[in-house]
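First the structure, in the form of structure tokens, and then the observations on it.
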Amino acid sequence: MSPSPSPSRPWADLVADAVARVAAARDAAELRRLDVELLGRQSAMVAARAALASLPPEERRVAGRALNEARAAVEEALVARRRALEDEERSARLEAERMDLTEVRPTRRRGHLHLVTQARDRLEDVFVGMGYVVADGPEAETDWYNFEALNFPAGHPARNMYDTLYLELGPPESTLLRTHTSPVQVRVMEATTPPIYAVMPGRCYRQDTADASHLPNFHQIEGLVVDRGISFADLAGTLDAFTQAYFGAGIRSRLRPSYFPFTEPSAEFDITCVFCKGDGCRSCGRTGWLELGGCGMVHPNVFRAVGYDPEEWTGFAFGFGIDRMTAQRHGIDDLRELVTNDVRFLRQF
24 MSPSPSPSRP WADLVADAVA RVAAARDAAE LRRLDVELLG RQSAMVAARA
74 ALASLPPEER RVAGRALNEA RAAVEEALVA RRRALEDEER SARLEAERMD
124 LTEVRPTRRR GHLHLVTQAR DRLEDVFVGM GYVVADGPEA ETDWYNFEAL
174 NFPAGHPARN MYDTLYLELG PPESTLLRTH TSPVQVRVME ATTPPIYAVM
224 PGRCYRQDTA DASHLPNFHQ IEGLVVDRGI SFADLAGTLD AFTQAYFGAG
274 IRSRLRPSYF PFTEPSAEFD ITCVFCKGDG CRSCGRTGWL ELGGCGMVHP
324 NVFRAVGYDP EEWTGFAFGF GIDRMTAQRH GIDDLRELVT NDVRFLRQF
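With this note's numbering applied, the sequence shown corresponds to residues 24 to 372, in that order.
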């Protein structure tokens with residue numbers, strides 16, 4: 024939306040221009056660019072809202088009401104055009120999928136690796152190129168490897184986050200389907216003398232109801248570094264190098280304080296929004312960032328559990344969901360699409 028309103032060009036004129044441009048959008052990509060331009064962080068709407076604070080109270084109420092009405096009108100136009108484009112795309116797809124029963128296919132269509140498998144292979148390639156080795160471990164784990172050795176003692180409230188699936192093997196709640204790939208870190212440390220530079224991709228399980236952003240059976244990749252003199256700066260540099268190697272040079276990473284029992288300090292790991300490149304859009308909640316995973320410095324109690332001296336060794340760990348990263352990289356807004364085995368969907372990748 025061009026410049027902020029003036030007596031010669033009020034919000035009504037600007038909204039009319041914006042609605043006309045939205046209605047003329049030819050595809051989803053153009054509509055996404057308009058969304059950022061009209062309502063993003065650099066838009067006239069946001070600038071006008073910031074300027075409200077400088078107005079007298081009565082003028083502020085009038086201007087604020089006009090601004091809200093203008094924003095609502097633009098958002099309504101965006102929603103309407105988005106639905107219209109989706110309807111057009113659906114109609115075109117149905118027409119393209121019209122079956123000709125007389126057609127004879129000359130050859131069978133060849134299969135290919137699933138999208139998540141492709142992502143896992145590429146992640147492994149990136150980390151192997153950075154000097155890491157790939158480690159694996161059992162999916163049916165003991166409580167000690169999944170929780171106790173990772174600084175989750177019995178009764179620890181953080182256990183409630185994991186919605187664990189227990190197996191009827193041995194004493195009650197002693198054997199489970201692993202809730203993360205962190206148990207592989209413990210097994211690697213038990214079997215290896217530092218230094219350690221390893222990644223652990225694999226399948227995990229939790230009692231989650233499948234929805235657009237959660238799956239009960241999902242994939243993770245975690246990384247572990249143990250050596251002398253490892254610092255939080257090494258962690259930040261590693262994640263930044265990974266981000267650029269996997270997503271491209273224009274994507275940056277940042278860390279936000281968080282909490283995990285097995286790391287101290289702990290952080291959340293964000294990347295520049297791959298859809299709007301940091302300008303702010305619907306996919307990133309107009310923040311310009313997407314949450315990718317968690318990380319932190321390995322807790323001394325974890326080192327003690329595997330027989331390492333935390334006064335001699337330091338290290339960091341990180342982890343993120345392969346399914347969610349895959350969806351973000353390819354613009355898939357529903358994780359269930361990855362497990363429905365719809366050949367028409369899978370054939371795109």
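Beta carbons: idealized from backbone N, C-alpha and C, even for Gly.
Have a look at S31 and G308 and give me their C-alpha separation to the nearest angstrom. As a position in the sequence shown, residue 31 is number 8, starting the count at 1. As a position in the sequence shown, residue 308 is number 285, starting the count at 1. Because S31 carries a pLDDT of 38, less than 50, the predicted location of this residue cannot be relied on, and the following value inherits that uncertainty. Their Cα atoms are separated by approximately 33 Å.
Do G338 and V325 have their C-beta atoms within less than 7 Å of each other? Indexing the sequence shown from 1 puts residue 338 at position 315. Indexing the sequence shown from 1 puts residue 325 at position 302. Contact: no.
When DSSP labels each residue in this structure, what does M16 get in the three-state scheme? Here the chain covers residues 24 to 372 and nothing more, so residue 16 does not appear.
When we look at the beta-carbon of N169 and count the other beta-carbons within 10 Å, is it buried (16 or more) or exposed? Residue 169 sits at position 146 when you count from the first residue of the sequence shown. By the neighbour-count criterion, in which 16 or more other beta carbons inside 10 Å mark a residue as buried, N169 falls on the buried side.
Alpha helix (DSSP H) runs contained entirely in the segment 35–104, provided each spans 4 or more residues: DSSP runs (the alpha helix (DSSP H)) wholly in the segment 35–104: 51–62 and 67–74.
Determine, using beta carbons only, whether S254 and T266 come nearer to each other than 7 Å. The count along the sequence shown starts at 1 and reaches residue 254 at position 231. The count along the sequence shown starts at 1 and reaches residue 266 at position 243. No, the Cβ-Cβ distance between S254 and T266 is not below 7 Å.
State the beta-bridge partners of V321 as determined by DSSP. Counting from one through the sequence shown, the residue named residue 321 turns up at place 298. Paired residue(s): T286.
Relative to the alpha-carbon of P176, which residue among P284, D257 and E147 has its alpha-carbon at the smallest distance? The count along the sequence shown starts at 1 and reaches residue 176 at position 153. Taking only the C-alpha atoms, the option nearest P176 is P284.
M212, buried or exposed, once every other Cβ within 10 Å from all chains shown has been counted against 16: Locating residue 212 in the sequence shown gives position 189, where the first residue counts as 1. M212 comes out buried.
Would you decide whether G134 is buried or exposed? Buried here means 16 or more other CB atoms lie within 10 Å of its CB. The residue you call residue 134 lines up with position 111 of the sequence shown. Counting of Cβ neighbours within 10 angstroms places G134 among the exposed residues, the total staying below 16.
Own chain partners of V59 with C-beta closer than 7 Å, once the 5 adjacent residues on each side are dropped: Locating residue 59 in the sequence shown gives position 36, counting from the first residue. Result list for V59: C299, D302, G303 and C304, in chain order.
Determine the extent of the alpha helix (DSSP H) in which Q141 is found, giving its start and end residues. Here the question's residue 141 lines up with position 118 in the sequence shown. The continuous alpha helix (DSSP H) containing Q141 extends over residues L138 to G152.
Measuring CB to CB, does V139 end up less than 7 Å from I345? As a working mapping, residue 139 is identified with position 116 in the sequence shown. As a working mapping, residue 345 is identified with position 322 in the sequence shown. The criterion of a C-beta distance shorter than 7 Å is satisfied by V139 and I345.
For the beta strand (DSSP E) that contains M212, what are its first and last residues? Translated into positions along the sequence shown, residue 212 becomes position 189. From DSSP, M212 is part of no beta strand (DSSP E) but of the alpha helix (DSSP H) over S205 to A214.
Pairwise C-alpha distance: R370 and T125: If you number the sequence shown from 1, residue 125 lands on position 102. If you number the sequence shown from 1, residue 370 lands on position 347. Their Cα atoms are separated by approximately 23 Å.
Limits of the unbroken beta strand (DSSP E) element including N240: Residue mapping note: residue 240 aligns to position 217 of the sequence shown, counting from 1. Counting along the chain, the beta strand (DSSP E) containing N240 begins and ends at N240 to D250.
If the criterion is Cβ atoms closer than 7 Å, does the pair T202 and M223 meet it? In the sequence shown, residue 202 corresponds to position 179, counting from 1. In the sequence shown, residue 223 corresponds to position 200, counting from 1. Not in contact: T202 and M223 (Cβ atoms no closer than 7 Å).
Thinking C-beta only, is C296 closer than 7 Å to L313? For the purposes of this step, residue 313 is taken as the residue at position 290 of the sequence shown. For the purposes of this step, residue 296 is taken as the residue at position 273 of the sequence shown. Yes. Within cutoff.
Neighbourhood of V38 by C-beta, 6 Å cutoff - its chain only, sequence neighbours within 5 removed: Your numbering for residue 38 matches position 15 in the sequence shown. Excluding five sequence positions before and after V38, the CB atoms of its chain that fall closer than 6 Å to its own CB belong to A93 and A96, given in chain order.
Three-state secondary structure (DSSP) of H179: Counting from 1 along the sequence shown, the entry for residue 179 is found at position 156. For H179, the three-state secondary structure derived from DSSP is coil.
Unbroken alpha helix (DSSP H) run spanning Y331, endpoints: Here residue 331 is taken as the residue at index 308 of the sequence shown, counted from 1. That residue, Y331, is in no alpha helix (DSSP H); it is neither H nor E in DSSP.
Contact belief for L75 with M68 at Cβ below 8 Å, rounded distance in angstroms: Taking the first residue of the sequence shown as 1, we reach residue 75 at position 52. Taking the first residue of the sequence shown as 1, we reach residue 68 at position 45. So it is not a contact: roughly 11 Å between Cβ atoms.
Mapping DSSP to helix, strand and coil, what is S306? The residue given as residue 306 occupies position 283 in the sequence shown. Three-state result, S306: coil.
Would you call Q230 buried or exposed, if buried means 16 or more other Cβ atoms sit within 10 Å of its Cβ? On the sequence shown, position 207 is the one that residue 230 refers to. Exposed, since its Cβ has fewer than 16 Cβ neighbours within 10 Å.
So, helix, strand or coil for S276, using DSSP? As a working mapping, residue 276 is identified with position 253 in the sequence shown. Strand at S276.
For P323, which residues in the same chain have their Cβ closer than 6 Å to its Cβ, ignoring the five residues on either side in sequence? In the sequence shown, residue 323 corresponds to position 300, counting from 1. Excluding sequence neighbours, P323 sits near P333.
Restricting to Cα atoms, I'd like to know which of E191, Y189, G193 and T165 is closest to V209. Your numbering for residue 209 matches position 186 in the sequence shown. Nearest option by C-alpha distance: T165.
Looking at the secondary structure, which residues open and close the beta strand (DSSP E) in which A271 lies? Along the sequence shown, one-based indexing puts residue 271 at 248. It should be pointed out that residue 271 corresponds to Gly in this sequence rather than to Ala. Unbroken run through G271: none, as it is neither H nor E.
Taking a contact to mean a Cβ-Cβ separation below 7 Å, would you say A158 touches A221 in this structure? Residue mapping note: residue 158 aligns to position 135 of the sequence shown, counting from 1. Residue mapping note: residue 221 aligns to position 198 of the sequence shown, counting from 1. The answer is yes: Cβ separation under 7 Å.
Using CA atoms only, rank isn't needed, just tell me which of T215, R105 and V85 is closest to R49. Mapped onto the sequence shown, residue 49 falls at position 26. The shortest Cα separation from R49 among T215, R105 and V85 belongs to R105.
Alpha carbon to alpha carbon, what distance is there between F343 and F292? For the purposes of this step, residue 292 is taken as residue 269 along the sequence shown, with counting starting at 1. For the purposes of this step, residue 343 is taken as residue 320 along the sequence shown, with counting starting at 1. Straight-line Cα distance between these residues: approximately 9 Å.
For a test of the three-state rule: what should DSSP assign to E120, helix, strand or coil? For the purposes of this step, residue 120 is taken as the residue at position 97 of the sequence shown. In the structure shown, E120 sits in coil (DSSP, three-state: anything other than H, G, I, E or B).
Best match in A43, Q65, D36 and E53 for proximity to T310 [C-alpha to C-alpha]: For the purposes of this step, residue 310 is identified with residue 287 of the sequence shown, where counting begins at 1. Relative to the Cα of T310, the nearest Cα in the group A43, Q65, D36 and E53 belongs to Q65.
Considering only their Cβ atoms, is the gap separating Y228 from L192 smaller than 7 Å? As a first step, residue 192 is located in the sequence shown; it is residue number 169 there, counting from the start. As a first step, residue 228 is located in the sequence shown; it is residue number 205 there, counting from the start. Result no, Cβ atoms of L192 and Y228 do not sit closer than 7 Å.
Near L54, which residues of its chain fall below 8 Å by C-beta distance, leaving aside the five closest residues on each side in sequence? Within the sequence shown, the letter at position 31 stands for residue 54. So the qualifying residues of the chain are V45, A48, L101, R104, R105 and L108.
Exposed or buried, what is M348 when buried is set at 16 or more other beta-carbons lying within 10 Å of its beta-carbon? Taking the first residue of the sequence shown as 1, we reach residue 348 at position 325. Buried.
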